[in-house]
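Each remark here refers to the structure printed beneath this line.
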Amino acid sequence: MSGALPFYVTTPIYYVNDVPHLGTAYTTIAADALRRYALLQGRPTRMLTGTDEHGLKIERKAEEEGLTPQAFADRVSQGFRDAWPELRVEADDFIRTTEPRHVEFVQDLWRRIEANGFLYQGAYDAWYCVGCESFKTEKELLPGNLCPLHQKPVERLQEDTYFFKLSAFQDQLLALYEKRPDFLRPESRANEVKSFVSSGLQDLSVSRTSFKWGIPVPGNDKHVMYVWFDALSNYLSALGGFDSPELGKFWPPRGEAVHLVGKDILRFHTVFWPAFLLAAGYGEEHLPSTVFAHGFLTVDGQKMSKSLRNAVDPRKLAKTLGADTLRYHLLRAIAFGQDGDFSHEALLERYNADLGKNLGNLLQRTLGLCAKFFASTVPALAVDTDLETQLARDIALERDKARVAWTRLELHVALEATFAISSLLNQYIDRAAPWSTAKTDLPRTGHILHTILRELAQLSVWLWPAIPDKADAMRTQLGLSPLVPREGTDLFAGVDGFDALTAGNALSPGSPLFPTYDRERTEALLTELKPPTETAATTPEEAPPTVRRDAVVEPPAAAELAPIAYEDFAKVDLRAGVVTAAERVPKKDKLLKLAVDVGEPTPRQIVAGLALTFAPDELVGRRVIVVANLAPRDFGKGLVSHGMLLASGPSEALHLGTVPEGVAPGSKLK
Ligand code: MSP
């Protein structure tokens, strides 16, 4: 992002078979933060979100609820529309795929693609997962014909259809990924898309005849369109169609268009969507600027799912703790682009540490000193010493880091750098000690406090994309007006005259912006907020598998786990092992029973939650890291696990911790 290039950011449009949850809130908050950052830069900015309402999944869900699909979609879509403002998300538009403006556009797109010769009629006979609304190849399925994502049996579909000539775009897409590395991000996900495309693209079935809940195919109303053809088009239909001025302004090449998506739907956005656009006659310069895939969130190390009953309600969190607390935690705690874990405990700890102790205390202390020595007015500047010169240099470095990170969509890095500024100011106030200079040199005290007030005013701007309410509340206490971005003015860079603190102006110290939660309050909040713990612990098949699930996720920031003594670490018997046999456990989808050689006379039996990622055969011969002295765990019916393997990643995409060849089974890791 740079200059005054118009900026268009989108979220996926959410299926109306679910309510807003932490996963969908995460993308939507991230998009809103990027929207706000672009506004700060003075760019014309537009954010789109909405709902995806057609398709077999929704038709069936509506039927279950005894409603027409339209009535059902109306109700759920409204729930999404109401939820986002509660998280301080201010999208400029909310698109529904059942709106006439969308339907007309999609039919227009279809006609263009058809006129260009990229659609033909035929019939298919293939596996389909209704959960994904996607065909699956045999290779992708788990034993028992299960969809690897939904763990449910796929359906065999045989129908007449229109095919889209996706195969015609294979070379062009591969060339595109090479030419435009920013098109597909983060880089770590590019390979999976590239290898999918280079392994050969099949033509794609883009219409259905066996149900009616979809957009009719122009000129052949026996067919409705494939829901992904319909859904992906929302990004353009919401701009008003091909010839609209909004499209001319915000869509490339005149604007920058960024699609934020979850990693599960990256393929649709980086293979199908550009191919549809190219087929409609759009040149490469008209493709989206960036498709950015974020990772998946787990809750307390567990996959989020209704059946686990650990779905966390973002609206409730925002209501109880304030939207900004949730926004800040999600954006800061999870490396944008990677999988991450959410826990209420970590949320409250981070609130206390970063917002309460770091930023909140700084503001309180500074305003307190201004009240004490300067009657709550902005003191006058005097002369900089080396301390101020060094501070200004250090802050400029962090600010530049934050700016680059926002531009590169590294939201967590941007916030880390921004909070580093608050830490720098805390160090500065301790070193400069304005309370003690006050005894001998009041102008020096004024200079120190003015310096901090000025940087706090800047911080309120830099924090606004993530925590808009608190940033404005901070400004109020500093005697400044709420932040109003101005097109053409880069407020992030700092503008002469903007936020200038005038000596003598009144400050408005108020109650603490971020009162910290003590132990008792934390306990009370946890009881109020945490969903009742599920039955997992009591039913063996749902018990946390014996793979280190808390390592699934990004390593928690140092502050999240209390330090332990070396002696405590030394109690863990970590050993190199080799898997010598592996088999599924009947009726337990997630578990594999392994025999692992850990240098003992016979291999150990270890039961591990690896089945969603690995077929048993893939594991035999793998070098693993075993926690060898974990108390045995009984999974029922005589199935006992004698150890645990280290792994990271969500349960359907685990990476095993390993040791290099040459490390003998049984070798200790220390
Ligand atoms: N309707 C499609 C998107 C069409 S876009 C043209 C869809 N909808 S969805 O409601 O199922 O999912 C929306 C988004 O939520 C996806 O990006 C998905 O990755 C994201 N998430 C769902 N669960 C999630 C987590 N547990 N964590 C993070 N994001 C998750 O797919």
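Residues in the sequence shown are numbered consecutively from 136, following our numbering.
A virtual CB, placed ideally from N, CA and C, is assigned to each residue, including glycine.
Looking at F704, K723, A705 and P736, the one whose alpha-carbon comes closest to that of G712 is P736.
DSSP, read as helix, strand or coil, puts V406 in helix. Relative to the ligand MSP, F403 has its C-beta within less than 8 Å of a heavy atom. For Y172 and A310, the gap between their C-alpha atoms comes out near 31 Å. Selection F142, L780 and A782 evaluated against L382 yields F142 as nearest (Cα-Cα). Annotated as distal: L494 and L615, with beta-carbon spacing of 9 Å or more. Proximity of the region 556 to 574 to the region 191 to 204 falls short of the contact definition, fewer than three beta-carbon pairs being nearer than 8 Å.
By the beta-carbon neighbour count (other beta carbons within 10 angstroms, threshold 16), V733 is buried. For M439, the secondary structure class from DSSP, reduced to helix, strand or coil, is coil. Between the ligand MSP and the CB of M439, the shortest heavy atom gap is smaller than 8 Å. Close CB contacts of D565 within its chain, under the 6 Å cut and outside five residues either way in sequence, are absent. Here D521 carries a helix assignment [DSSP, helix/strand/coil]. A distance below 7 Å between beta-carbons, with the five flanking residues on each side excluded, links I230 to the following residues of its chain, in chain order: I148, L183, G185, H237, N369, S372 and A373. Fewer than three pairs of CB atoms, one per stretch, sit closer than 8 Å, so the region 319 to 332 makes no contact with the region 241 to 257.
The Cβ atoms of A601 and R462 lie closer than 9 Å to each other. Contact between L401 and L339 is absent: CB atoms are separated by about 16 Å, not below the 8 Å threshold.
Per the coordinates, the alpha-carbon of E420 lies some 24 Å from the alpha-carbon of K398. F704 sits exposed, since fewer than 16 C-beta atoms from the chains shown fall within 10 Å of its C-beta. Taking every protein chain shown into account, the CB of E188 has 16 or more other CB atoms within 10 angstroms, so this residue is buried. Distance from the CA atom of V352 to the CA atom of R246, rounded to whole angstroms, is 9 Å. In the pairwise beta carbon analysis, the region 514 to 531 is classified as not touching the region 605 to 621: fewer than three pairs are separated by under 8 Å. For H429, no alpha helix (DSSP H) encloses it; the enclosing beta strand (DSSP E) starts and ends at T425 to H429. Measuring C-alpha to C-alpha distances from Q612 to each of Y150, A166, T542 and L591 identifies L591 as the nearest. Per DSSP, reduced to three states, the secondary structure at I699 is coil, with no helix or strand assignment. Taking a cut-off of 8 Å on C-beta distances, the region 448 to 456 does not touch the region 497 to 510, as fewer than three cross pairs fall below it.
Taking a contact to require three or more Cβ pairs closer than 8 Å, the region 197 to 213 and the region 509 to 528 do not qualify as touching. Excluding the 5 residues flanking it on each side, Q305 has same chain C-beta neighbours closer than 8 Å at V332, S333, G335 and L336, in chain order. A distance below 9 Å separates the beta carbons of G792 and S783. Judged by DSSP secondary structure, D724 falls within the beta strand (DSSP E) whose first and last residues are K723 to D732.
Taking a 10 Å sphere around the C-beta of D489, we find 16 or more other C-beta atoms and assign the residue as buried. If you compare the alpha carbons of S557, D625 and T425 with that of R543, the shortest gap goes to T425.
In this structure, G390 has its CB at a distance of at least 8 Å from all heavy atoms of the ligand MSP. Taking 3 residues as the shortest admissible run, the region 451 to 525 contains the following complete beta strand (DSSP E) segments, listed from N- to C-terminal end: 475 to 477. Looking only at F299, V759, G491 and K438, the smallest Cα-Cα distance to V406 is reached by F299. Between the alpha carbons of W408 and V755 lies a distance of about 39 Å. A direct Cα-to-Cα measurement between L502 and P650 gives close to 15 Å.
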